[in-house]
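Asks:
Protein chains in written order, with our numbering: chain U, 161 to 337; chain A, 161 to 337.
1. Hey, is residue 197 of chain U's beta-carbon within less than 7 angstroms of any beta-carbon in chain A?
2. Chain U partners of residue 329 of chain A, CB-CB under 8 angstroms?
3. Would you say the region 262-274 of chain A touches the region 191-202 of chain A, given that touching needs at least three Cβ pairs under 8 angstroms?
4. Cβ of residue 311 of chain A within 7 angstroms of Cβ of residue 284 of chain A?
5. Would you please state the rounded distance, in angstroms, between the beta carbons of residue 211 of chain U and residue 337 of chain U? I believe it to be under 8 angstroms.
6. Candidates A:213, A:185, A:173, A:293: which alpha carbon is nearest residue 271 of chain A's?
7. Should residue 274 of chain U and residue 239 of chain U be called a contact, given that it needs their Cβ atoms to be closer than 7 angstroms?
8. Among all the DSSP beta bridges, which residues are the ones paired with residue 202 of chain A?
9. Note down, in chain order, each residue of its chain lying with its Cβ closer than 7 angstroms to the Cβ of residue 214 of chain U, except the 5 sequence neighbours on either side.
10. Is there a Cβ from chain U that is less than 7 angstroms from the Cβ of residue 106 of chain A?
11. Does any C-beta atom of chain A lie closer than 7 angstroms to the C-beta of residue 187 of chain U?
12. To the nearest angstrom, how far is the alpha carbon of residue 175 of chain U from that of residue 317 of chain U?
13. Compute the Euclidean distance between the alpha carbons of residue 190 of chain U and residue 216 of chain U, then round it to the nearest angstrom.
14. Which bits of chain A does residue 290 of chain U rub up against, with CB to CB less than 9 angstroms?
15. In chain order, what are the residue ranges of uninterrupted beta strand (DSSP E) at least 3 long that sit wholly in the region 253-322 of chain U?
16. What is the rounded straight-line gap between the Cα of residue 242 of chain A and the Cα of residue 291 of chain U?
17. Using a Cβ cut-off of 7 angstroms, which residues of the region 255-289 of chain U contact any Cβ in chain A, in chain order?
18. Is residue 218 of chain A close to chain U, meaning its C-beta is less than 7 angstroms from at least one C-beta of that chain?
19. Chain A partners of residue 316 of chain U, CB-CB under 9 angstroms?
20. Just to confirm before moving on: does the CB-CB distance between residue 203 of chain U and residue 254 of chain U stay below 7 angstroms?
21. Is it right to say residue 293 of chain U is buried, meaning 16 or more other beta carbons lie within 10 angstroms of its own, or is it exposed?
22. When the Cα of residue 300 of chain U is compared with those of U:167, U:187, U:324, which residue comes out closest?
23. When you compare only the Cα positions, how much space is there between residue 281 of chain A and residue 250 of chain A?
24. Among the residues of its own chain, which have a CB less than 6 angstroms from the CB of residue 183 of chain A, if the five just before and after it don't count?
25. So the beta strand (DSSP E) residue 335 of chain A belongs to, where does it begin and stop?
26. Between A:246, A:252, A:259, A:330, which lies nearest to residue 279 of chain A when the distance is taken from Cα to Cα?
27. Which residues of chain U have a Cβ atom closer than 7 angstroms to the Cβ of residue 224 of chain A, listed in chain order?
28. Over what stretch of residues does the alpha helix (DSSP H) that includes residue 187 of chain A continue unbroken?
29. Among A:329, A:192, A:226, whose alpha-carbon lies nearest the alpha-carbon of residue 218 of chain U?
30. Once you ignore the five residues that flank residue 252 of chain A on each side, which residues in its own chain have a CB closer than 6 angstroms to its CB?
31. For chain A, check one thing: does any of its Cβ atoms lie closer than 7 angstroms to the Cβ of residue 161 of chain U?
32. With a threshold of 7 angstroms between beta carbons, is residue 200 of chain U in contact with chain A?
33. Is residue 205 of chain A close to chain U? Criterion is C-beta to C-beta, closer than 7 angstroms.
34. Just confirm the distance between the C-beta atoms of residue 205 of chain A and residue 228 of chain A, as a whole number of angstroms; I'd bet it's less than 8 angstroms.
35. In whole angstroms, what is the alpha-carbon distance linking residue 286 of chain U and residue 221 of chain U?
36. Taking only beta-carbon positions, decide if residue 302 of chain U is within less than 7 angstroms of chain D.
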């Protein structure tokens, strides 16, 4: 547990560009050197994707959970998708209130808010009441809702200037996943 | 060495927001899971700063070099600063032409270009001629020059929406360094 008295930040990495999840992983690399106890919950993950970061994070002692079953348009069972996102949020609440972590990552959590699977005001209200003051909470995903930006301490908008997808270069292991 | 035939990307993380170096570190976390051979050269680093990412990167087998001696305004010997940046660039050239790496990070390299320590057109011309086609090259720093953006495959502008510095919250280990 974070006992250095530092202020636990709410960090939001949003925008359409690359770097939202990778910048969160980079903070985990710094956190490892600080002996932080860390946990990640991934809310959305395409089932067919391998996930390099999970392997490395676990190697570094990070607890890693996957709550999602892919985007809605890859499943025929929308209710199940929503149920899994809600499960992820319950898991996140457990981890947050446990007081055992220095850093918790809610990866692609904004989609669960944006798609209405989790009510944004309820989530912010809950975090406001329950997030331990020293816990660093990192949230990633496009289209972070206004209420989340208002609640956060540190918000970065990753803007795409150029992306190889636009030149027909496919996603590559190590770079995108 | 990267032998999977993938296109080695030139990736630039620029802008005034947080996430430039951390997003580069996140790619390294993915690269580790892909058994990539990786190297980082830091061009600017305040001497008084500890550097958590160096410790973790080395733990993951990343070669890590520091070429800088801090920003110009923290040293009385500008010539020495420039000399160290040039040393970093020579080291980078050696590593790039060696063909031994899957990913090379030139951290805060844009400052060496922006401050005129290294000529931007010469550097781009050299990279154009010598970068192995499968090598991923990641360059970070504010104010990436236009020529570098034009040369790159993937450019993200990290824009500050909110930063705790603006609320008087100081830089913290694990988050900023």
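C-beta atoms are modelled at their ideal positions from N, C-alpha and C, and glycine is treated no differently.
Replies: Judging by the given coordinates:
1. Within the first chain, residue 197 of chain U is the residue found at index 37, counting from 1. No, because no Cβ of chain A sits closer than 7 angstroms to the Cβ of residue 197 of chain U.
2. Your numbering for residue 329 of chain A matches position 169 in the second chain. Below the 8 angstroms Cβ cutoff, chain U contributes 167, 169, 313 as neighbours of residue 329 of chain A, in chain order.
3. Result yes; three or more Cβ-Cβ pairs closer than 8 angstroms.
4. Here residue 311 of chain A is taken as the residue at index 151 of the second chain, counted from 1. Here residue 284 of chain A is taken as the residue at index 124 of the second chain, counted from 1. Their beta carbons are under 7 angstroms apart, which means residue 311 of chain A touches residue 284 of chain A by this criterion.
5. Start at 1 with the first residue of the first chain, and residue 211 of chain U comes out as number 51. Start at 1 with the first residue of the first chain, and residue 337 of chain U comes out as number 177. That belief holds up - the Cβ atoms of residue 211 of chain U and residue 337 of chain U are roughly 6 angstroms apart, short of 8 angstroms.
6. Walking along the second chain from the start, residue 271 of chain A turns up at place 111. Selected option, being the one with the closest Cα: A:173.
7. Taking the first chain and counting its residues from 1, one reaches residue 274 of chain U at position 114. Taking the first chain and counting its residues from 1, one reaches residue 239 of chain U at position 79. 7 angstroms or more divides the Cβ of residue 274 of chain U from the Cβ of residue 239 of chain U.
8. Stepping through the second chain from its first residue, residue 202 of chain A is reached at position 42. Residue 202 of chain A is bridged by DSSP to A:226, A:267.
9. What you label residue 214 of chain U is simply residue 54 of the first chain in a count that begins at 1. Closer than 7 angstroms at Cβ, skipping near neighbours: 224.
10. A query on residue 106 of chain A cannot be resolved here, the shown segment of chain A reaching from 161 to 337 and no further.
11. Taking the first residue of the first chain as position 1, residue 187 of chain U is located at position 27. Closer than 7 angstroms to the CB of residue 187 of chain U there is at least one CB belonging to chain A.
12. Here residue 175 of chain U refers to the residue found at position 15 when the first chain is read from its first residue. Here residue 317 of chain U refers to the residue found at position 157 when the first chain is read from its first residue. C-alpha separation (whole angstroms): 5 angstroms.
13. Residue numbering aside, residue 190 of chain U sits at position 30 when the first chain is read from its first letter. Residue numbering aside, residue 216 of chain U sits at position 56 when the first chain is read from its first letter. C-alpha separation (whole angstroms): 14 angstroms.
14. Taking the first chain and counting its residues from 1, the one referred to as residue 290 of chain U is at position 130. In chain order: nothing, as chain A lies at least about 21 angstroms away.
15. Counting only runs of 3 or more, we get 263-267, 296-300, 314-322.
16. In the second chain, residue 242 of chain A corresponds to position 82, counting from 1. In the first chain, residue 291 of chain U corresponds to position 131, counting from 1. The C-alpha of residue 242 of chain A lies about 46 angstroms from the C-alpha of residue 291 of chain U.
17. Residues of the region 255-289 of chain U with a C-beta less than 7 angstroms from any C-beta of chain A: none at all.
18. Counting from 1 along the second chain, the entry for residue 218 of chain A is found at position 58. When Cβ-Cβ separations below 7 angstroms define contact, residue 218 of chain A makes no contact with chain U.
19. Sequence index remark: in the first chain, residue 316 of chain U carries index 156 (1-based). Per Cβ cutoff of 9 angstroms: 175, 177, 178, 179, 318, 319, 320, 321, 322, 323.
20. Residue 203 of chain U sits at position 43 when you count from the first residue of the first chain. Residue 254 of chain U sits at position 94 when you count from the first residue of the first chain. The Cβ atoms of residue 203 of chain U and residue 254 of chain U do not sit closer than 7 angstroms to each other.
21. Along the first chain, read from residue 1 onward, the residue named residue 293 of chain U stands at position 133. Flag for residue 293 of chain U reads exposed.
22. Reading the first chain from its first residue, position 140 is the one you call residue 300 of chain U. Here the closest residue by C-alpha is U:187.
23. The count along the second chain starts at 1 and reaches residue 281 of chain A at position 121. The count along the second chain starts at 1 and reaches residue 250 of chain A at position 90. Approximately 16 angstroms, taken between the alpha carbons.
24. As a first step, residue 183 of chain A is located in the second chain; it is residue number 23 there, counting from the start. For residue 183 of chain A, same chain residues with a beta-carbon under 6 angstroms away, outside a window of 5 residues either side, are 173 in chain order.
25. As a position in the second chain, residue 335 of chain A is number 175, starting the count at 1. From DSSP, residue 335 of chain A is part of no beta strand (DSSP E); its letter is neither H nor E.
26. Position 119 of the second chain holds residue 279 of chain A. Nearest Cα to residue 279 of chain A within the set A:246, A:252, A:259, A:330: A:246.
27. In the second chain, counting from the first residue as 1, residue 224 of chain A sits at position 64. By Cβ distance, chain U contributes nothing, its closest Cβ being about 12 angstroms from residue 224 of chain A, past 7 angstroms.
28. Here residue 187 of chain A is taken as the residue at index 27 of the second chain, counted from 1. Per DSSP, residue 187 of chain A belongs to the alpha helix (DSSP H) from 180-193.
29. The residue you call residue 218 of chain U lines up with position 58 of the first chain. It is A:192 whose Cα lies nearest to the Cα of residue 218 of chain U.
30. Within the second chain, residue 252 of chain A is the residue found at index 92, counting from 1. These residues qualify, in order along the chain: 201, 266.
31. What you label residue 161 of chain U is simply residue 1 of the first chain in a count that begins at 1. Here residue 161 of chain U scores only 47 on pLDDT, less than 50, and its place in the model should not be relied on; the value that follows carries that caveat. No, no contact with chain A.
32. Locating residue 200 of chain U in the first chain gives position 40, counting from the first residue. No, because no Cβ of chain A sits closer than 7 angstroms to the Cβ of residue 200 of chain U.
33. As a working note, residue 205 of chain A is residue 45 in the second chain. Answer no: the Cβ-Cβ gap between residue 205 of chain A and chain U never drops below 7 angstroms.
34. Here the question's residue 205 of chain A lines up with position 45 in the second chain. Here the question's residue 228 of chain A lines up with position 68 in the second chain. Contact holds; Cβ gap of about 5 angstroms.
35. As a first step, residue 286 of chain U is located in the first chain; it is residue number 126 there, counting from the start. As a first step, residue 221 of chain U is located in the first chain; it is residue number 61 there, counting from the start. The C-alpha of residue 286 of chain U lies about 28 angstroms from the C-alpha of residue 221 of chain U.
36. Note that chain D does not occur in the displayed structure, where the protein chains are U and A.
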